[in-house]
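Order-wise, the sequence lines are chains A and B.
Those letters in the first sequence? Residues 140 to 256, by the numbering used here.
Those letters in the second sequence? Residues 3 to 118, by the numbering used here.
Some notes on the structure that comes next.
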Amino acid sequence: AQKITQTQPGMFVQEKEAVTLDCTYDTSDQSYGLFWYKQPSSGEMIFLIYQGSYDEQNATEGRYSLNFQKARKSANLVISASQLGDSAMYFCAMREGPDNYGQNFVFGPGTRLSVLP
Amino acid sequence: DSGVTQTPKHLITATGQRVTLRCSPRSGDLSVYWYQQSLDQGLQFLIHYYNGEERAKGNILERFSAQQFPDLHSELNLSSLELGDSALYFCASSVAWGDRVTGELFFGEGSRLTVL
């Protein structure tokens, strides 16, 4: 079964607008971490933001925020004030398992975001 | 620069051959993960090593094997290569995940393998 689901293969957003990229996850662990990564066309993987399963507040990093709804098992990424440089593939990921032992770190299929001028 | 070094960056080989991809994690990181990314696909988790020991296995084929050495560098060995093995292979490292440590993965630039 898919552990990370990203239902939007592609998204378009106008420059300076906000956009939400969806992510739902599946785990039976109580302790887990959720991550978002950006992969521009150049191919490198860039870490954006992290949310721990016990964190009560939604994570924010500059223009990125994570809308964490634990009961619904969703961890949507919100990008505010989109810029042309935000055009990239975005991956949601989850780390589960006990500390330092047998940790699976799995990625969703990704959402390709295109920012329009 | 993530601090994770992967070599080679590009590799072209023929079906049936064997290749070795090398990864040097960030200084101090004990965990190394390997991923395969085929064209326009997501990242498929292959294997996780922690301080020299295999900790988790994903969708890694029997033709593939990996190890992490005492100096913490890791190698991914791909044998009896097939056309479908053409992909970008990423190595990533992380610190231990715990209190006040997010444990995000730091990725190398990847090794692009082309099997002809």
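Glycine included, every Cβ here is placed at the ideal spot set by N, Cα and C.
9 Å or more divides the Cβ of phenylalanine 244/A from the Cβ of methionine 228/A.
Chain-order list of chain A residues neighbouring tyrosine 35/B: Phe244, by C-beta distance under 8 Å. Considered as a whole, the segment 21 to 74 of chain B harbours 21 to 26, 33 to 39, 46 to 52, 55 to 59 and 66 to 70 as its complete beta strand (DSSP E) runs of no fewer than 3 residues, in chain order. Around glutamate 195/A, no beta-carbon contact reaches into chain B at under 7 Å, the shortest distance being about 15 Å.
Counting only Cβ-Cβ distances below 8 Å, glutamate 156/A has no contacts in chain B at all, with the closest Cβ about 26 Å away. The C-alpha of leucine 41/B lies about 8 Å from the C-alpha of serine 88/B. With a cutoff of 9 Å on beta-carbon distance, aspartate 168/A and threonine 250/A are scored as not near each other. Put simply, the CB of alanine 94/B is near chain A, with a gap under 9 Å to one of its CB atoms.
Between the segment 206 to 222 of chain A and the segment 141 to 161 of chain A, the count of C-beta pairs closer than 8 Å reaches three or more; the two stretches touch. Taking 9 Å as the threshold, the shortest C-beta distance from glutamate 106/B to chain A falls below it.
For methionine 233/A, the uninterrupted beta strand (DSSP E) segment begins and ends at 227 to 235.
Taking a contact to require three or more Cβ pairs closer than 8 Å, the segment 46 to 54 of chain B and the segment 101 to 116 of chain B do not qualify as touching. Following the DSSP letters along the chain, one finds glutamate 77/B inside the beta strand (DSSP E) bounded by residues 76 to 80.
The Cβ-Cβ distance between proline 179/A and serine 226/A falls below 9 Å. Annotation for glutamate 200/A: Leu187 and Ile188 place their beta carbon closer than 7 Å to its own, counting only its chain and skipping 5 residues before and after. From the beta-carbon of glycine 44/B, the residues of chain A found nearer than 7 Å are Phe230, Phe246, Gly247, Pro248 and Gly249. Only exposed fits arginine 20/B, as fewer than 16 other CB atoms lie within 10 angstroms of its CB. Non-local C-beta neighbours of phenylalanine 174/A in its own chain, meaning closer than 6 Å and more than five positions away in sequence, comprise Tyr189 and Ala232, ordered along the chain. A direct Cα-Cα distance of roughly 6 Å separates arginine 65/B from leucine 80/B.
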